[in-house]
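Chemist: My questions all concern the structure below.
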Ligand SMILES: C[S@@+](CC[C@H](N)C(=O)[O-])C[C@H]1O[C@@H](n2cnc3c(N)ncnc32)[C@H](O)[C@@H]1O
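Numbering (this note's numbering), first residue to last: 92 to 386.
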C-alpha cells in the first residue's frame, strides 16, 4: 500500500517554501547541522533534479511530490536513516543502493579506500579481497579506481551479497562475489590485498549506539559475539595461512578504541612489517595497514 503524507503542508510550491517546510518537518528527527543537507538530498532525490536545475526551470513542486516528501519527513522523525528511506547512499562518487540488510557506507571507510588507492599504483593488476562487503562499497570503489585489479568480495549474509551484486551490475563493475563465513571458512585463492571493515561492536555497547544505528542497521554488520578483536584475529590468521601473498597488503577499518590493539595484534603475529596506524579526518585512530612478510 502506498503511504499518504499528512499535513501541515507548505505555504506554496516554490523551492524556498518547500525547503523551509521540509526542514520544519524534520526538526524533531535530526540535529540542526543535518537538516539542510538532508533536505537538499531528499528534494533532489524525489524530483530527480538538482536544486540548480529546479531554480533555473522555475520548478513548482506538484502535490504528489509534496506527499512523498511528507512521508519521508515522518520516517526521518521516527528515526529511520535517510539513506534507507531513499534507498541510496553515496560512496566515493558512486551512487549505491542500500536497504536495511546492509550497513550504510561511512565517510571514514572512504578514507580507507583512498589510503589503499594511494598505496597501490593506478595500474595495479593484482587480486583484492574485501571481507564483509555489505553494500559492496569498498570493492566497488576500488574496482572503479583500479580498473585492472581483480576484485573479490565475500560476506556471510546472502541478502547483503544480493544488494552488492545489484550495485555491481548497475555500475557495470566486475566483482567476484561469494558467500563465506570468515570465522569458520577460508576463502579460495590467494590475494595481493585483503581489506576489511568487519563487525567490532560488543553487545554491551549497544545502548551507547545512536538509536538510528541500533534500531535500523543490521546487527550482523555491527556486533561481535565474543570480543571486539574477534574478526581482526581471524582475518590476520587467515591471511598468514597463505590467503595473502608475500608482500601483500592487509588493510583494516577499526573501532576508534581498538585500533591500537589491532595494530599490536598484527605486530605480535610476526607475519607483517610496516604496520601503520592511520588517524581519520575526525582525528581518531581508525585504520591499520600492514605488509605481509611471510610465505
Ligand atoms: C561493518 S559491516 C561493513 C560493510 C561494508 N564493507 C562497509 O564498509 O560499509 C560488516 C560486514 O561483515 C559481514 N559479516 C558479519 N559476519 C561475517 C562473517 N562471519 N563472515 C563474513 N562476513 C561477515 C556483515 O554481513 C557486514 O556486511
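Each residue gets a CB set at the ideal place from its N, CA and C atoms; glycine is no exception.
Predicted model, so just to flag it, every value in this text is computed and none were measured.
If you draw a straight line from the alpha carbon of residue 163 to that of residue 246, how long is it in whole angstroms?
Modeler: C-alpha of residue 163 to C-alpha of residue 246: approximately 30 Å in a straight line.
Chemist: Go through the region 109-146 residue by residue and report every complete run of the alpha helix (DSSP H) that reaches 4 residues or more, in order.
Modeler: 123-138
Chemist: DSSP state of residue 197, grouped into three classes?
Modeler: coil
Chemist: What's the C-alpha gap between residue 126 and residue 256?
Modeler: 32 Å
Chemist: Can you tell me the Cβ-Cβ gap for residue 334 and residue 304, rounded? I've got them flagged as a contact below 8 Å.
Modeler: At roughly 31 Å, the Cβ-Cβ gap does not stay under 8 Å, so residue 334 and residue 304 are not in contact.
Chemist: Check whether the Cβ atoms of residue 231 and residue 344 lie closer than 8 Å to each other.
Modeler: no
Chemist: With distances taken between CB atoms, is the gap from residue 121 to residue 167 smaller than 8 Å?
Modeler: yes
Chemist: Decide if residue 89 is buried, meaning its Cβ has at least 16 other Cβ atoms within 10 Å, or exposed.
Modeler: This structure cannot speak to residue 89, because the chain is shown only from 92 to 386.
Chemist: Whose C-beta lies closer than 8 Å to the C-beta of residue 297 among residues of the same chain, with five residues either side of it excluded?
Modeler: 305 and 314
Chemist: Within 10 angstroms of the Cβ of residue 361, are there 16 or more other Cβ atoms? Answer buried if so, exposed if not.
Modeler: exposed
Chemist: Measure the beta-carbon distance from residue 217 to residue 283 and round it to whole angstroms, keeping in mind my assumption that it falls under 8 Å.
Modeler: At roughly 3 Å, the Cβ-Cβ gap stays under 8 Å, so residue 217 and residue 283 are in contact.
Chemist: If I measure Cβ to Cβ from residue 186 and keep anything under 7 Å in the same chain, skipping five residues before and after, which residues do I get?
Modeler: 179
Chemist: Thinking C-beta only, is residue 278 closer than 8 Å to residue 323?
Modeler: no
Chemist: Rounded to a whole number of angstroms, what is the C-alpha to C-alpha distance between residue 240 and residue 169?
Modeler: 42 Å
Chemist: What number of angstroms, rounded off, separates the C-alpha of residue 128 from the C-alpha of residue 113?
Modeler: In a straight line, the C-alpha of residue 128 is about 11 Å away from that of residue 113.
Chemist: I need the straight-line Cα distance from residue 470 to residue 135, nearest angstrom please.
Modeler: Outside the shown range of the chain, which is 92 to 386, sits residue 470, and nothing can be said about it.
Chemist: Rounded to whole angstroms, what is the Cα-Cα separation between residue 380 and residue 265?
Modeler: 25 Å
Chemist: Return the bridge partner residues of residue 180 from the DSSP annotation.
Modeler: 187
Chemist: With hydrogens ignored, establish whether the beta-carbon of residue 277 is closer than 7 Å to any heavy atom of ligand 1.
Modeler: False, no ligand heavy atom lies under 7 Å from that Cβ.
Chemist: Any heavy atom of ligand 1 closer than 7 Å to the beta-carbon of residue 371?
Modeler: no
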